[in-house]
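Visitor: Protein chains in written order, with this note's numbering: chain A, 76 to 206; chain B, 76 to 206.
Let me give you the structure first, and then I'll get to my questions.
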DNA sequence: GTAATGTGAAACTAAATGGTTTCATATTTT
DNA sequence: AAAATATGAAACCATTTAGTTTCACATTAC
């Protein structure tokens, strides 16, 4: 029931740099197409098509206001990406754990916060410093 | 310097479902191409090309062993994805914060019970600001 | 009412993508 | 040495993608 059965999925939607820029832009505020396309070196129509792809993936919401259509970010579908990533977090954390085991005592490992995200480098540095 | 100057970037690499499946598969163990391609309904050559894209993005590492080339996951470049996502986490967390403010007191929120990601400090700061 | 504005749809194009089959090459195996 | 195996490179093809220009249609402004 995690939706995302549309014609475009999130992974595909964010594959394009222009679309990623669009998402950032629309995260700040709702904007009509003409204003949006002012931020890009391509035609308004091209931007419009990118917006359509994003809308298909559920990543933007459109609202008609008079003769203009305003778009804004809808971040929810990014959860799918997050979940996907989470699986791999496991792996790069295991690498870290292995490294820690090489460098530190059990104590250090016991301190492993179990926090899936966060800055790995910092975490590692913390451990080292902790010695 | 943080890599990702190759011909294929991470976002593009993970856009394809086959490649995502490849990453999962290669996360478990190192495998030679023929074995890998046994898991997919396409030709060995096609799989090989997907592997090339992944390698370009730095997401798999290849190692020659005798006449075979073994591939395995290299999760590091996914950090770029994680960082990109993190920006948007902010937004869906703010939505949560707004909801919390409707339902809960500041004290309760300070416990940040089910914070989706690790960015608790920011979240708390936002809440404080809102107070 | 007429002109101007904001937008999407359509038709088109060039390039990228995902796949195929065939071929060459290096390494084992016998 | 010859046969078998593992693989990548090349050439090719169909489809998708990212962009264009042109057109039609609402809505607002004059």
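Where a beta carbon is used, it is the ideal one built from N, C-alpha and C, also for glycine.
Source: prediction; values computed, not measured.
1. To which residues of the same chain is residue 138(B) closer than 6 Å at the C-beta, ignoring the five residues directly before and after it?
2. Given that a residue counts as buried once 16 or more other Cβ atoms are within 10 Å of its Cβ, and exposed if not, what is residue 117(A)?
3. Going along the chain, which residues of the segment 129-162 of chain B sit with their C-beta nearer than 9 Å to a C-beta in chain A?
4. Tell me residue 135(A)'s beta-bridge partners as DSSP assigns them.
5. Leaving out the 5 sequence neighbours to the left and right, which residues in its chain are closer than 7 Å to residue 84(B) when beta-carbon positions are compared?
6. Going by DSSP in three states, residue 107(B) sits in which element: helix, strand or coil?
7. Apply the 10 Å Cβ neighbour rule to residue 128(B) and answer buried if 16 or more other Cβ atoms are within range, or exposed otherwise.
8. In its own chain, which residues sit with a C-beta less than 7 Å from the C-beta of residue 112(B), not counting the 5 before and 5 after it?
9. Output the distance between the C-alpha atoms of residue 91(A) and residue 86(B), rounded to the nearest integer angstrom.
10. Could you tell me whether the Cβ of residue 111(A) comes closer than 8 Å to any Cβ of chain B?
11. Only counting the same chain, and skipping five residues up and downstream in sequence, which positions put a Cβ closer than 8 Å to that of residue 143(B)?
12. For a cutoff of 8 Å on Cβ pairs, would you count residue 123(B) as touching chain A?
13. Exposed or buried, what is residue 157(A) when buried is set at 16 or more other beta-carbons lying within 10 Å of its beta-carbon?
14. Residues in its own chain within less than 6 Å of residue 93(A) by CB, not counting five upstream and five downstream?
15. Bridge partners for residue 140(A) per DSSP, in chain order?
16. Tell me which residues share the same chain as residue 166(A) and place their Cβ nearer than 6 Å to its Cβ, disregarding the 5 neighbours each side in the sequence.
17. Taking just the CA atoms, how far does residue 149(B) sit from residue 161(A)?
18. What does residue 115(A) reach in chain B if we use C-beta pairs closer than 7 Å?
19. How is residue 102(B) classed by DSSP in three states: helix, strand or coil?
20. In or out: residue 172(A) buried (at least 16 other Cβ within 10 Å) or exposed?
21. Please check if any C-beta of chain B sits within less than 8 Å of the C-beta of residue 118(A).
22. Can you grab the Cα-Cα spacing for the pair residue 147(A) / residue 134(A), in whole Å?
23. If we define contact as Cβ-Cβ less than 8 Å, is residue 183(A) a contact residue for chain B?
24. Mapping DSSP to helix, strand and coil, what is residue 92(A)?
25. Please go through the same chain and pick out, in chain order, the residues whose beta-carbon is closer than 6 Å to the beta-carbon of residue 95(A), but skip the five residues on each side of it.
Guide: In this structure, then:
1. Within the same chain, and ignoring the five residues on either side of residue 138(B) in sequence, the residues whose Cβ sits closer than 6 Å to its Cβ are 145.
2. Sixteen is the threshold: since fewer than 16 other Cβ atoms of the shown chains lie within 10 Å of the Cβ of residue 117(A), the residue is exposed.
3. Of all residues in the segment 129-162 of chain B, 148, 150, 151, 153, 154, 156, 157, 159, 160, 161 and 162 have a Cβ within less than 9 Å of some Cβ in chain A.
4. DSSP lists 148(A) as partners of residue 135(A).
5. Correct list, in chain order: 132.
6. DSSP places residue 107(B) within a strand segment (E or B) once states are collapsed to three.
7. Classification for residue 128(B): buried.
8. Correct list, in chain order: 119 and 122.
9. Taking the CA atoms as reference points, residue 91(A) sits about 8 Å from residue 86(B).
10. Output row for residue 111(A): interface = no.
11. Result list for residue 143(B): 107, 108 and 109, in chain order.
12. Not an interface residue.
13. Classification of residue 157(A): buried, given that the 10 Å Cβ count is 16 or more.
14. Result list for residue 93(A): 125, in chain order.
15. In DSSP, residue 140(A) forms a bridge with 143(A).
16. So no residue of the chain qualifies.
17. Annotation: residue 161(A) to residue 149(B) spans about 15 Å, alpha carbon to alpha carbon.
18. The contact set of residue 115(A) on chain B, defined by CB atoms closer than 7 Å, is empty, because the minimum CB distance reaches about 18 Å.
19. DSSP, read as helix, strand or coil, puts residue 102(B) in helix.
20. Exposed, by the Cβ-count rule.
21. No, residue 118(A) does not count as interfacial toward chain B.
22. A direct Cα-to-Cα measurement between residue 147(A) and residue 134(A) gives close to 9 Å.
23. Confidence at residue 183(A) is low in this model, with a pLDDT of 44, below 50, so the placement of that residue should be treated as unreliable; the coordinate-derived value is given next. Not closer than 8 Å to any Cβ of chain B, the Cβ of residue 183(A) fails to qualify, so no.
24. Three-state DSSP puts residue 92(A) in a helix.
25. The answer, listed in chain order, is 89.
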